[in-house]
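The structure appears below as structure tokens.
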Amino acid sequence: MDQDHPVPWQDRLGDLFEALESDGLEAGLEFTLAQLQDPEQAKAWLGNFKGLNYQAFALRLLGAGPYRLLVEAVKQDGAVLALAIRRGMRALMPFAVAWSDAVSNMSVNQRKAVAKADVLGLEIVQGLIELDDAFGKKFISTLPMQLTTATADDLVGWQPDNMPEIVASIRQRVGESSARRLERENSQLVRKIKGARTALAHSEDGISQAANSLIELIDRIMREAFTKQAVLVWVDANLPDEPQMTFTDKDGKVQPSKRAEALCFVYRGGPTARQANEYDDGSGPTLFHDVFARVIVATRDRLQKLKHSDGGTPEEKEQLLCLLAGLEGALMLGLSINQFGDTRDALLKELDA
362 MDQDHPVPWQ
372 DRLGDLFEAL
382 ESDGLEAGLE
392 FTLAQLQDPE
402 QAKAWLGNFK
412 GLNYQAFALR
422 LLGAGPYRLL
432 VEAVKQDGAV
442 LALAIRRGMR
452 ALMPFAVAWS
462 DAVSNMSVNQ
472 RKAVAKADVL
482 GLEIVQGLIE
492 LDDAFGKKFI
502 STLPMQLTTA
512 TADDLVGWQP
522 DNMPEIVASI
532 RQRVGESSAR
542 RLERENSQLV
552 RKIKGARTAL
562 AHSEDGISQA
572 ANSLIELIDR
582 IMREAFTKQA
592 VLVWVDANLP
602 DEPQMTFTDK
612 DGKVQPSKRA
622 EALCFVYRGG
632 PTARQANEYD
642 DGSGPTLFHD
652 VFARVIVATR
662 DRLQKLKHSD
672 GGTPEEKEQL
682 LCLLAGLEGA
692 LMLGLSINQF
702 GDTRDALLKE
712 LDA
């Protein structure tokens, strides 16, 4: 809550997510998805929490005088807590927007291939905005927020009618976060994204050039992360029974599929084995790794079609911007879940041995 801190609280909370271990971040995202399956249920919980039954019980237990003192103290502490909760919910929005943008790059048939495909259809962004609106009406508006460090933005509730403006603002942060993560890997990769945006803005053949830049970005990320042989070793060690991971080329050699390369990348060459839980049966790739890998492949396929476009229509430009937003979202989330580290070096050593 330190208002004098040089780094905005949103970025500090984002850094906290980034510092979490893979399992912690992944579990948090899965929990968020599960809770937002029914925004009405979440809003009902907010209402019940302030129900008169709780107040009547406390009044009978303490008496009128002590109860009033308790109410004032609780309101002050509650205001601080409410501010923290609102900021926490809003800090989830970049992840929600990134997820929604990434999933939008997949076709209906591609979504059906994912386990728990129903999760892909959740309106997570809308759910968070509605939850923020309900939280503001139930709590923020009734508590002494002037006693906290709340800013004007903290006190203004998100309105469902303003969703396009909210999403556009947060999408910009997603792009910036994705660029920071890519720059840690290779600063030249960021130039590909900047080049795509520049081509769209200033080149007569902008759509084709931008699509080509993004295809080169995806291919370079995969190529520089792991060789094809390293991917085959990883697949054999981690996902030997997973379909569509390899194919035989015209020379009769076994090669990794684009999906295998993407999965190896989002796992950073690390193991896929994990404990089963209520959200995950523990077999195959996790929902998130699988989705991010499929998004990367689907985005590349759609960019290939735009690469040969000579129309340059506004619809094609909008389509490419949506693909770019989805790619940035997938990269931000994928690189957040598994930070690049010792697993890649271990895989390469195993390959050399």
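Numbering (my numbering), first residue to last: 362 to 714. Think of the CB as a built atom: it goes at the ideal place given N, C-alpha and C, for glycine as much as any other residue.
Asked: Classification of lysine 614 by the beta-carbon crowding that lies within 10 angstroms, buried from 16 upward; Found: exposed
Asked: Beta-carbon separation (whole angstroms), alanine 557 vs leucine 685, contact threshold 8 Å; Found: 6 Å
Asked: 6 Å CB neighbourhood of alanine 463 in its chain, flanking five on each side removed; Found: Val656, Gly687, Gly690, Ala691
Asked: Valine 594 versus Leu543, Glu622, Asp438, Glu639, residue with shortest Cα-Cα distance; Found: Glu622
Asked: One or two residues paired with aspartate 641 in a DSSP bridge; Found: Asn638
Asked: Exposure label - valine 596; buried when at least 16 CB within 10 Å; Found: buried
Asked: Buried or exposed by the 16-neighbour rule on C-beta atoms within 10 Å, applied to alanine 562; Found: exposed
Asked: Bridge partner(s) assigned by DSSP for glutamine 616; Found: Phe608
Asked: Inter-residue CB distance, alanine 659 and glutamine 520 (contact presumed, cutoff 8 Å); Found: Going by Cβ atoms, the distance from alanine 659 to glutamine 520 rounds to 32 Å, so no, they are not a contact pair.
Asked: Start-to-end residues for the alpha helix (DSSP H) that takes in serine 461; Found: 454 to 465
Asked: Nearest-angstrom Cα separation, counted from phenylalanine 649 out to lysine 473; Found: 15 Å
Asked: At least three beta-carbon pairs within less than 8 Å, the stretch 443 to 452 to the stretch 502 to 522; Found: yes
Asked: Beta-carbon proximity check, arginine 448 vs leucine 696, cutoff 7 Å; Found: no
Asked: Residue range of the alpha helix (DSSP H) that includes glycine 673; Found: Where glycine 673 is concerned, there is no enclosing alpha helix (DSSP H), given that its DSSP letter is neither H nor E.
Asked: Same chain only: Cβ atoms within 8 Å of valine 551, ignoring 5 sequence neighbours per side; Found: Ala540, Leu543, Glu544
Asked: contact_flag[the stretch 451 to 468, the stretch 483 to 491] where n(CB pairs < 8 Å) is 3 or more; Found: yes
Asked: Buried or exposed (CB count within 10 angstroms, at least 16 for buried), phenylalanine 608; Found: exposed
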